[in-house]
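For the sequence shown, position 130 matches number 136 in the numbering used here, and the numbering has no gaps at all.
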Amino acid sequence: MKQDIKVEWDSEESEFYTLVPIDKQTLKIAINVYEWSDTTIYGNIYISLYTKRKHQRHNMDNVIMTGLNPIKTVILGMRAFKEVENAFLEGYNDRFKVILSCNWTSSSRRDAYYAFLSKRGYRYDNLFGEKVIMKIWKKDEYEQGE
């Protein structure tokens, strides 16, 4: 199941992302810049799993989290997330304090996101008046390959 995961930068969407083919589906994991100041940059984590790329935007709120092959999706998703998170931190943490956050559309998604993200040090918190799952890195706190 070893699969190369390539992280790319999309300047139009201001995001680091990866597309991982899993059987007949595609998993997209991305962290986009949604707010910044002179000292802090905020990234939003989002995950989508879809069958047809042309329907990606349409399916963002209606996709099944685990897909056709749940174990493979979770294993590859964990590896892909780590790569995208590392790319974002390598891109910004030398200049900014970095805050990465994740919100959700349903309690089942919240629970799934938290089960995974809490293992990487993310916790529930409030950000801009909204309950999110988030993690903060002080400027220059990230070490490559974490």
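Backbone N, C-alpha and C fix where the C-beta goes; we use that ideal spot for every residue, glycine too.
Using the Cα positions of residue i and residue j, report the straight-line distance between them to the nearest angstrom.
i: glycine 127; j: tyrosine 120; result: 10 Å
i: valine 39; j: isoleucine 11; result: 21 Å
i: arginine 115; j: proline 76; result: 14 Å
i: tyrosine 52; j: serine 113; result: 15 Å
i: methionine 84; j: lysine 145; result: 25 Å
i: lysine 141; j: glutamate 91; result: 11 Å
i: leucine 82; j: aspartate 44; result: 35 Å
i: glycine 49; j: aspartate 117; result: 20 Å
i: glutamate 41; j: glutamine 9; result: 32 Å
So, for residue i: in the same chain, excluding its five sequence neighbours on each side, which residues have a beta-carbon less than 7 Å away from its beta-carbon?
i: glutamate 147; result: Asn99
i: threonine 46; result: Phe102, Lys103, Ile105
i: lysine 137; result: Tyr130
i: alanine 86; result: Ile11, Thr24, Val26, Leu33, Ile35
i: leucine 123; result: Cys108, Ile139
i: serine 20; result: Asn38, Val39
Per DSSP, which residues does residue i bridge with? Please list them.
i: proline 1; result: No answer is possible for residue 1: the residues shown for the chain start at 7 and end at 152.
i: isoleucine 47; result: Trp42, Val104
i: phenylalanine 22; result: Trp15, Ile37
For residue i, count the other beta carbons within 10 Å of its own beta carbon; 16 or more makes it buried, fewer makes it exposed. Which is it?
i: glycine 135; result: exposed
i: tryptophan 143; result: buried
i: glutamate 18; result: exposed
i: glutamate 14; result: exposed
i: leucine 95; result: buried
What residues in its chain sit with their C-beta under 8 Å from that of residue i, if we drop five residues either side in the sequence?
i: glutamate 89; result: Ile11, Val13, Thr24
i: glycine 97; result: Trp15, Phe22
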